[in-house]
Amino acid sequence: MGRSDSYVVRISGLGEGEHGFSFDLGQKFFASFDESEIEHGKVNARVILEKRQGIMVLHFHLKGDVEVTCDRCLDLFMTKVQCDQQLIVKRGDIPGEAEDDVIVIGKEDHEIDIRQYLYEFVILALPCKRIHSPDKHGLSTCNPAMIEILEAHQENRNNRREGTDPRWNALKEITGNNK
Ligand SMILES: [Zn+2]
288 MGRSDSYVVR ISGLGEGEHG FSFDLGQKFF ASFDESEIEH GKVNARVILE KRQGIMVLHF
348 HLKGDVEVTC DRCLDLFMTK VQCDQQLIVK RGDIPGEAED DVIVIGKEDH EIDIRQYLYE
408 FVILALPCKR IHSPDKHGLS TCNPAMIEIL EAHQENRNNR REGTDPRWNA LKEITGNNK
């Protein structure tokens, strides 16, 4: 994947004060990350660059929907993401991430590539528990067919753990080790 120019904040020629940028993160954006946890999504990122007396701070406000896998039924569903983050921008000899919340850019850089940060912020904003939300009656909206299969599978596993798997009993009879 080549470097994308779509997710950069140009800083050359900006005066002191606040400067706003807006980025749309769609399918193409998420697909551009290898082994991305998210394939589909629609997130808007509002970015404010605050520039004062040689200090630069990026303020991020992300809001949108992304598709995730349900922890219970494994179906895909859309979940809301929203977050606020900020990063301090410093100029230095070694561009790259120096510490949390700080971006180090080259002394002569005219722009800041925020693509990776935008992606990480979306991932951070994902809920820990990803489960289909219940309907207005409080009933599960998970894929019922899948839940049935998973429950049957779970029952099987429990049986096996308790040693009541019929195959296991048959084996014990054969070996005469049935104490
Ligand atoms: Zn589900």
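Numbering (our numbering), first residue to last: 288 to 466.
We put the beta carbon where it would ideally sit given N, CA and C, even for glycine.
Nothing here was measured: the structure is a model prediction, and the numbers come from that model.
Whole-number beta carbon distance between L312 and G328, since they are thought to touch under 8 Å: 6 Å
Contact test: R333 Cβ vs ligand 1 heavy atom, cutoff 7 Å: no
Bounding residues of the alpha helix (DSSP H) (the contiguous stretch that carries L361): Looking at the DSSP string, L361 is not in any alpha helix (DSSP H), and its letter there is neither H nor E.
Same chain, Cβ closer than 8 Å to L301, neighbours up to 5 away in sequence not counted: L336 and K338
Selected residue, minimal CA-CA separation from A439, among H424, G425, A332 and C360: C360
N- and C-terminal bounds of the beta strand (DSSP E) containing L336: G328 to R339
Residue from D358, R444, V368 and V295 with nearest C-alpha to R417: D358
Nearest-angstrom beta carbon gap, L363 and E354 [assumed within contact, 8 Å]: 5 Å
Which residues DSSP lists as bridging Q372, in chain order: F347
Separation of D371 from F317, as counted between CA atoms: 19 Å
Buried versus exposed call for I342 [16 or more other C-beta atoms within 10 Å across all chains shown]: exposed
Distance CB(F310)-CB(Y294) smaller than 8 Å: yes
Start and end residues, beta strand (DSSP E) containing I390: V389 to G393
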